[in-house]
Structures are given as C-alpha cells and as structure tokens.
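Asks: Residue numbers (my numbering): 58 to 286.
Virtual Cβ for every residue (Gly too), placed ideally from N, Cα, C.
(1) Output the distance between the C-alpha atoms of residue 225 and residue 135, rounded to the nearest integer angstrom.
(2) Tell me the rounded alpha-carbon separation between residue 191 and residue 268.
(3) Quick one: what does DSSP say residue 100 is sitting in, helix, strand or coil?
(4) Which two residues bound the contiguous alpha helix (DSSP H) that contains residue 151?
(5) Which residue comes first and which comes last in the beta strand (DSSP E) that contains residue 75?
(6) Return helix, strand or coil for residue 243, following the three-state DSSP convention.
(7) DSSP three-state label for residue 191, please.
(8) Taking all protein chains shown into account, decide if residue 115 is buried (16 or more other Cβ within 10 angstroms of its Cβ) or exposed.
(9) Which partner residues of residue 108 appear in the DSSP bridge assignment?
(10) Taking only three categories from DSSP, how would you classify residue 280?
(11) Can you look up residue 201 in the DSSP assignment and give me helix, strand or coil?
(12) Output needed for residue 110: all residues of its chain with C-beta closer than 7 Å, excluding positions within five of it in sequence on either side, in chain order.
(13) Locate the beta strand (DSSP E) running through residue 93, then write down its first and last residues.
(14) Is the beta carbon of residue 159 less than 8 Å from the beta carbon of residue 97?
(15) Using 8 Å as the threshold, is the segment 66–77 in touch with the segment 174–190, meaning 3 or more CB pairs across them?
(16) What is the rounded straight-line gap between the Cα of residue 273 and the Cα of residue 103?
(17) Report buried or exposed for residue 3, applying the criterion of at least 16 other Cβ atoms within 10 angstroms of its Cβ.
(18) Would you be able to state if there are at least three C-beta pairs under 8 Å between the segment 193–202 and the segment 213–231?
(19) Pick out whichever of 271, 263, 270, 286 has its Cα sitting closest to the Cα of residue 278.
(20) In chain order, what residues of the same chain have a beta carbon less than 6 Å from the beta carbon of residue 143, not counting five sequence neighbours either side?
(21) What is the rounded straight-line gap between the Cα of residue 125 and the Cα of residue 248?
(22) Any chance you could list the alpha helix (DSSP H) runs of at least 4 consecutive residues sitting entirely within the segment 155–184, in chain order?
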C-alpha cells in the first residue's frame with residue numbers, strides 16, 4: 058500500500074462483485090479494510106511491491122501500467138469506479154504485477170486478502186464473481202497484447218482514442234485527464250509519434266484538439282483506421 062495519501066473512513070463497495078455477499082460478510086470486510094485518498098500522480102500500489110490487499114476503487118480515475126526494460130511504460134488501461142482490483146500475484150508470489158497511479162483526486166479501499174480468502178472458502182456465489190472479475194481482466198489483457206503487437210501506430214492510436222471516447226469517458230467530445238505523452242503509453246509509441254499522428258488525424262478532419270478537449274468528428278472513419286491499420 059502506498060504510504061502517501063490521506064486515510065478516510067468510508068468504503069462504498071459499489072463494484073458488482075460485492076453483490077454476492079451477505080450483510081455479515083460485508084461486516085467482515087469492513088473490519089479488515091482501510092480507505093485512502095490520493096492526489097493526482099500519487100502511486101496507489103507499485104509493480105513488484107508486496108501484494109496483501111485487494112482494492113475497491115471508489116472514486117476518481119487511475120492508470121494501470123507495467124514497466125519493462127529501460128523503464129519503458131505500457132499503460133494497460135484506465136480505471137474508474139466502481140472497480141474491484143485483485144492483484145494477479147496474490148495467489149503466487151504475493152507481489153503486484155503492475156502499478157496503479159491516481160490520475161485525478163481518487164480514493165481506494167484496501168481490503169486484507171485474508172478476509173477475501175475466508176469468503177472464497179465459504180461463499181460459492183462470491184467465488185464465481187471473483188473468478189469472473191479475473192477472467193474479464195485477463196481477456197482485456199490478451200486483447201490489448203494482440204492490438205499492440207498486430208497493429209501499426211496509427212491503428213493503435215485510433216483505437217486508444219475510441220477507447221477513451223466510448224469506454225472510459227463515455228462522451229464525445231471528451232476532456233483528456235492524462236497527458237498526451239500518456240497516449241503513447243497506451244498505444245506503445247513515442248510521444249513524438251503521438252504528436253505527429255494526432256496532427257495527421259486533425260489535418261484530415263477526423264478529430265479536433267483544443268487544449269485537452271478532444272472531439273472525434275468522424276468516429277466511423279477512426280474505427281476503420283483502427284481495424285485496418
């Protein structure tokens with residue numbers, strides 16, 4: 058857990074996985090959790106650090122990323138509430154396999170894994186919800202890996218812009234809350250390539266950028282580029 062951040066007292070438990078729990082089981086989690094507020098840029102947990110808690114992401118926005126050789130960073134996805142995050146190393150080496158960083162003021166509820174494991178052993182509905190959560194995360198990771206390795210730069214960036222408009226911000230136009238170089242982290246390219254390709258898309262009338270406000274004028278054309286480039 059990050060040593061930074063401000064401790065607070067409430068956990069919202071809005072993620073669908075918690076619907077499988079009884080009131081007494083929710084009380085068990087309440088007795089083994091802590092919620093912390095984070096400012097933009099603060100690390101919620103870091104790749105390689107001990108993994109002893111699961112996270113209920115209750116408020117704000119966060120960035121899930123992995124660091125490779127030469128500190129190269131690939132942003133796997135952006136997180137918004139409600140989201141239940143179970144570290145992929147929690148059943149093996151007890152280390153986080155990726156990092157999570159706040160993008161805007163955020164809060165995260167850390168629940169001791171021991172209490173989660175206790176519920177796994179006695180609540181079949183919770184087991185199914187837990188496995189479904191892991192399954193969805195893995196499916197997205199495999200899709201992301203395929204996209205990053207099979208598409209050209211323009212296709213990857215187009216996919217990122219569509220993801221932001223359709224899935225993350227769920228609006229068009231949208232106000233970008235990450236940096237433009239972070240678009241490179243999401244699309245596996247340098248910031249120079251990001252600026253060049255954004256300029257090309259804008260010149261072609263497909264998008265318009267005003268500061269951090271992005272407008273996609275031709276979403277169907279952008280989707281076509283994403284599929285075929």
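Replies: Straight from the coordinates:
(1) Counting from 1 along the chain shown, the entry for residue 225 is found at position 168. Counting from 1 along the chain shown, the entry for residue 135 is found at position 78. About 7 Å.
(2) Taking the chain shown and counting its residues from 1, one reaches residue 191 at position 134. Taking the chain shown and counting its residues from 1, one reaches residue 268 at position 211. Taking the straight line from one Cα to the other gives about 37 Å.
(3) As a working mapping, residue 100 is identified with position 43 in the chain shown. In this structure, residue 100 counts as strand in the three-state DSSP scheme.
(4) As a first step, residue 151 must be located in the chain shown, where it is residue number 94. Taken as a continuous stretch (DSSP letters only), residue 151 belongs to no alpha helix (DSSP H), as it is neither H nor E.
(5) Here residue 75 refers to the residue found at position 18 when the chain shown is read from its first residue. Segment: none, residue 75 is in no beta strand (DSSP E) and carries neither H nor E.
(6) As a first step, residue 243 must be located in the chain shown, where it is residue number 186. Helix at residue 243.
(7) In the chain shown, the residue the question calls residue 191 occupies position 134. It is helical.
(8) Counting from 1 along the chain shown, the entry for residue 115 is found at position 58. A residue is called buried when at least 16 other Cβ atoms come within 10 angstroms of its Cβ; residue 115 meets this threshold and is buried.
(9) For the purposes of this step, residue 108 is taken as the residue at position 51 of the chain shown. Answer is none; residue 108 lacks a bridge partner.
(10) Taking the chain shown and counting its residues from 1, one reaches residue 280 at position 223. Residue state for residue 280 is assigned as helix, using DSSP reduced to three classes.
(11) Here residue 201 refers to the residue found at position 144 when the chain shown is read from its first residue. Residue 201: helix per DSSP, three-state reduction.
(12) To locate residue 110, count along the chain shown from 1; it is residue 53. The answer, listed in chain order, is 58, 167, 168, 169, 170.
(13) Locating residue 93 in the chain shown gives position 36, where the first residue counts as 1. First-last of the beta strand (DSSP E) with residue 93: 90–95.
(14) Along the chain shown, one-based indexing puts residue 159 at 102. Along the chain shown, one-based indexing puts residue 97 at 40. With contacts defined by Cβ atoms closer than 8 Å, residue 159 and residue 97 form a contacting pair.
(15) In this structure the segment 66–77 touches the segment 174–190; the number of beta carbon pairs closer than 8 Å is three or more.
(16) In the chain shown, the residue the question calls residue 273 occupies position 216. In the chain shown, the residue the question calls residue 103 occupies position 46. Pairing residue 273 with residue 103, the inter-Cα distance amounts to about 34 Å.
(17) Summary: the structure shown does not reach residue 3, with the chain confined to residues 58 through 286, and so no result is reported for it.
(18) No, the segment 213–231 is not in contact with the segment 193–202.
(19) What you label residue 278 is simply residue 221 of the chain shown in a count that begins at 1. Of all alpha-carbon atoms in 271, 263, 270, 286, the one lying nearest the alpha-carbon of residue 278 is that of 263.
(20) Taking the chain shown and counting its residues from 1, one reaches residue 143 at position 86. Only 111 meet the Cβ criterion.
(21) Counted from its first residue, the chain shown places residue 125 at position 68. Counted from its first residue, the chain shown places residue 248 at position 191. Residue 125 and residue 248 have their C-alpha atoms spaced approximately 17 Å apart.
(22) Fully enclosed alpha helix (DSSP H) runs of 4 or longer: 170–179.
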